[in-house]
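As structure tokens, the structure follows; a few thoughts come after it.
2 protein chains.
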Amino acid sequence: MEQTPLRTIAFAVYPGLTLLDLAGPLQVCSALEQLAPGFRTVVLGERVEPVDTDTPLAVVPSHTFDEVPEPFVLVVPGGLEPTLKALADERLLARLRKAADGAHLVGSVCTGSLLLGAAGLLEGRRATTHWWYRDLLTRFGATPVAQRWVEDGRYVTAAGVSAGIDMALQLVARVAGEELAREIQLLIEYDPEPPFGPIDWPAVDADHYRPRSQQALASALADHPELLARLTS
Amino acid sequence: MEQTPLRTIAFAVYPGLTLLDLAGPLQVCSALEQLAPGFRTVVLGERVEPVDTDTPLAVVPSHTFDEVPEPFVLVVPGGLEPTLKALADERLLARLRKAADGAHLVGSVCTGSLLLGAAGLLEGRRATTHWWYRDLLTRFGATPVAQRWVEDGRYVTAAGVSAGIDMALQLVARVAGEELAREIQLLIEYDPEPPFGPIDWPAVDADHYRPRSQQALASALADHPELLARLTS
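Chain order of the listed sequences is E and D. Taking this note's numbering, I'd label the letters of the first sequence as residues 93 to 325. Taking this note's numbering, I'd label the letters of the second sequence as residues 93 to 325.
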């Protein structure tokens with residue numbers, strides 16, 4: 093019998109998150125569970141009940157936070173308004189702080205890194221998030237970096253939404269080796285061909301999107317004027 | 093008031109599907125719903141109840157098949173053994189046939205195209221699927237093509253798992269224009285950087301995986317020897 097304790101990769105779920113932030117890295121890590129003995133993947137929520145996402149699909153976690161208090165890896169997905177609102181959710185932040193505390197690696201996708209920041213976990217670290225909110229990282233004592241994913245010690249933060257897939261492959265390489273990460277890439281056929289090519293960043297009109305991103309932040313934190321002021325002043 | 097009827101993009105859900113096959117294109121199409129008036133996205137299942145996926149996450153459809161009998165676009169995700177098993181699920185195949193019948197576009201991800209094939213919808217068409225099962229398409233009268241996605245008339249079939257994101261962006265471009273597709277790509281930050289580069293297809297040892305893919309097929313269709321024989325003889 094295998095005596096090695098299971099190394100648990102845990103994904104945190106909360107209402108309104110962006111589905112692909114969760115599903116991309118979860119698919120990658122579930123494949124690891126199937127290929128490599130000793131790993132298991134779980135999805136943690138307050139309760140094992142349906143949770144809304146930012147799509148018409150609701151999702152059901154596999155376990156509660158209480159059931160898996162000390163994961164080997166923690167991954168925190170992001171989202172738009174509901175995630176920004178969760179920056180003031182002390183219960184969720186305490187959950188993340190506790191789960192991250194003993195974790196070997198902590199990953200985030202998109203604005204999930206803002207939750208890590210609000211939980212006080214990114215102080216003095218290099219990190220990234222969705223391009224709309226990259227500058228906000230400074231308000232949590234982090235140094236924003238415009239990369240697909242950023243590694244700083246045991247923290248691996250990814251850029252927006254789809255970047256979670258790249259981050260998760262890197263995360264698998266760190267905990268189980270590059271060969272397994274490459275095999276998973278092959279099995280999920282991750283050989284991207286965006287129909288209109290890569291994003292042309294120099295051509296992106298960031299000013300055009302700023303009112304929308306600031307409006308989402310203001311609306312999400314309308315009941316928390318002090319936090320909003322701290323993030324926008 | 094807007095008088096144009098809503099154009100509904102419907103995703104089909106069934107037990108055991110691959111989460112990312114669903115979540116990738118669903119994220120893309122949900123963004124379209126938010127950006128362009130006149131579109132709505134739904135997820136269809138037999139019942140509005142939790143459905144298992146090939147990850148620890150269960151998902152809850154937004155509607156039943158009966159509630160949305162004539163979608164504008166139908167998208168069918170794939171999976172491994174449960175999807176192969178569903179090749180013999182006449183009730184599901186009838187659902188897909190009916191929903192596809194009046195659809196403007198029909199998309200599939202991964203082995204979702206095998207379901208379309210089993211439903212008799214790909215005869216005489218060029219199509220693709222997960223690389224493990226590409227040759228199976230011939231058994232449904234289709235011509236397999238090794239591309240990220242394949243368009244043949246109103247059918248758009250994607251390669252394995254993650255290819256659904258690329259396919260969905262192309263699908264959005266077809267129904268709503270390239271500009272919106274590019275905007276969605278920017279919002280979900282789909283600017284992939286696989287950590288170990290693209291898949292090196294010439295170096296892939298397909299023979300190594302064949303026993304596994306054939307075993308999955310044999311196990312999935314153990315109760316349907318005639319169909320299994322038709323697919324493997």
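Think of the CB as a built atom: it goes at the ideal place given N, C-alpha and C, for glycine as much as any other residue. If you're wondering where the values come from, they're calculated on a predicted model, not measured in any experiment.
Runs of the beta strand (DSSP E) lying entirely within the region 125-170 of chain E and spanning at least 3 residues, in chain order: 131-137, 150-152 and 165-168.
Taking a beta-carbon distance threshold of 9 Å, Leu261 of chain E counts as an interface residue toward chain D. Ile291 of chain E sits in coil when the DSSP states are folded into three classes, being neither helix nor strand. Here the alpha carbons of Gly245 of chain D and Leu188 of chain E stand approximately 48 Å from one another. Residues of the region 257-290 of chain E with a Cβ closer than 8 Å to any Cβ of chain D, in chain order: Ile257, Asp258, Leu261, Gln262, Ala265, Glu270, Ala273, Arg274, Gln277, Leu278, Leu279, Ile280, Glu281, Tyr282, Asp283, Pro284, Glu285, Pro286, Pro287, Phe288 and Pro290.
Proximity to Pro169 of chain E across E:Ala186, E:Arg183 and E:His222 peaks at E:His222, based on C-alpha coordinates. Under DSSP, Arg231 of chain E takes part in no beta bridge, so it has no partner. Taking the Cβ atoms as the reference, Gln119 of chain D lies roughly 6 Å from Thr147 of chain E, within the contact range of under 8 Å. Not a single C-beta of chain E is nearer than 9 Å to the C-beta of Thr156 of chain D.
With the criterion set as a beta carbon lying under 7 Å from some beta carbon of chain E, the members of the region 111-123 of chain D are Leu111, Leu112, Ala115, Gly116, Leu118, Gln119 and Ser122, in sequence order. In the DSSP assignment, Leu188 of chain D falls outside any beta strand (DSSP E) and within the unbroken alpha helix (DSSP H) covering Glu182 to Asp193.
Sixteen is the threshold: when 16 or more other Cβ atoms of the shown chains lie within 10 Å of the Cβ of Val267 of chain E, as they do, the residue is buried. Around Arg139 of chain D, the same chain offers Thr156 as residues with beta carbons nearer than 7 Å, after the five sequence neighbours per side are excluded. As computed with DSSP, Ser200 of chain E is found in a beta bridge with E:Val168 and E:Thr249. Spatial neighbours of Ala192 of chain E in its own chain (CB-CB distance under 6 Å, excluding positions within 5 residues in sequence) are listed in chain order as Leu166, Val198 and Leu213.
A contact between stretches requires three or more CB pairs, one per stretch, nearer than 8 Å, and the region 271-286 of chain E fails this requirement with the region 222-235 of chain E. Pairing Val253 of chain E with Tyr282 of chain D, the inter-Cα distance amounts to about 8 Å. Closest in C-alpha terms to Leu124 of chain E, from the list E:Ala102, E:Lys190, E:Val151 and E:Gln306, comes E:Ala102.
Counting only Cβ-Cβ distances below 9 Å, Arg240 of chain E has contacts in chain D at Glu281, Asp283, Pro284, Glu285 and Pro287, in chain order. Residue state for Ala219 of chain E is assigned as strand, using DSSP reduced to three classes. Gly116 of chain D and Arg322 of chain D have their C-alpha atoms roughly 32 Å apart. The C-beta of Gly171 of chain E comes no closer than 9 Å to any C-beta of chain D. Look at the beta carbons and you see the region 172-183 of chain D touching the region 194-208 of chain D: at least three pairs across the two are nearer than 8 Å.
Against chain E, the beta carbon of Pro142 of chain D has neighbours under 8 Å at Pro142 and Val152, listed in chain order. Between the alpha carbons of Leu112 of chain E and Leu206 of chain E lies a distance of about 17 Å.
Residue environment analysis places Ala314 of chain D among the exposed positions, since fewer than 16 neighbouring C-beta atoms fall within 10 angstroms of its C-beta. The beta carbon of Ser254 of chain E falls within 9 Å of a beta carbon belonging to chain D, placing the residue at that interface. Within the model, the alpha-carbon separation for Leu319 of chain E versus Arg183 of chain E is close to 16 Å. Chain-order list of chain E residues neighbouring His222 of chain D: Glu281, by C-beta distance under 7 Å. In this structure, DSSP gives Ile101 of chain E an extended state, which the three-state scheme calls strand.
Pro153 of chain D counts as buried, since no fewer than 16 other beta carbons sit within 10 angstroms of its beta carbon. The beta-bridge partner set that DSSP reports for Asp244 of chain D consists of D:Tyr247. Short of 6 Å from the beta carbon of Arg240 of chain E, and not among the five residues preceding or following it, lie these beta carbons of its own chain, in chain order: Ala251, Ala255 and Asp258.
Where Gln306 of chain E is concerned, the enclosing alpha helix (DSSP H) starts and stops at Ala298 to Ala312. Around Phe164 of chain D, the same chain offers Arg99, Thr100 and His196 as residues with beta carbons nearer than 6 Å, after the five sequence neighbours per side are excluded. Looking only at D:Glu141, D:Gly130, D:Val237 and D:Ala178, the smallest Cα-Cα distance to Gly108 of chain D is reached by D:Ala178.
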